[in-house]
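Residue numbers (the working numbering): 98 to 217.
By construction, the Cβ of each residue, glycine as well, lies at the ideal position given by its N, Cα and C atoms.
These numbers come from a predicted model, not from an experiment.
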């Protein structure tokens, strides 16, 4: 374990290298929502229990939109069923159009990745 705030953490071996996923989201009026961090091996019990719709005072039936590219891990009937069950509409971006139709990908995601690369 390294000290909190360390700029460099040694990796003992390739097996120890871990990744995490940050999901960025925003509202139609441009308000950014807190990122959702997903770590490998996360279980339902280890994830936050809060409900963003309740925090934002939105009814559970208030529609949301998720924009996906054609990454095969996301484009499954299981994912779509869960989205629909939670009043989340989804849009699939046509191949080679991510830069035009997934605004967070170029604006927020790229900036966050560049920042992390420069820090480590």
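{"Query": "C-beta atoms of residue 206 and residue 121 nearer than 8 angstroms", "Result": "yes"}
{"Query": "Through-space distance from residue 196 to residue 150, alpha-carbon basis", "Result": "28 angstroms"}
{"Query": "Among 180, 168, 215, nearest to residue 158 - alpha-carbon criterion", "Result": "180"}
{"Query": "DSSP three-state assignment for residue 155, whether helix, strand or coil", "Result": "coil"}
{"Query": "Helix, strand or coil at residue 208 according to DSSP, with G and I counted as helix", "Result": "helix"}
{"Query": "Span separating the alpha-carbon of residue 171 from that of residue 165", "Result": "7 angstroms"}
{"Query": "Rounded C-alpha distance that separates residue 153 from residue 125", "Result": "13 angstroms"}
{"Query": "Unbroken beta strand (DSSP E) run spanning residue 118, endpoints", "Result": "118 to 123"}
{"Query": "Rounded separation between residue 214 and residue 133 - CA only", "Result": "19 angstroms"}
{"Query": "Nearest-angstrom Cβ-Cβ length linking residue 163 and residue 136, presumed shorter than 8 angstroms", "Result": "Incorrect: roughly 20 angstroms between the Cβ atoms, too far for contact."}
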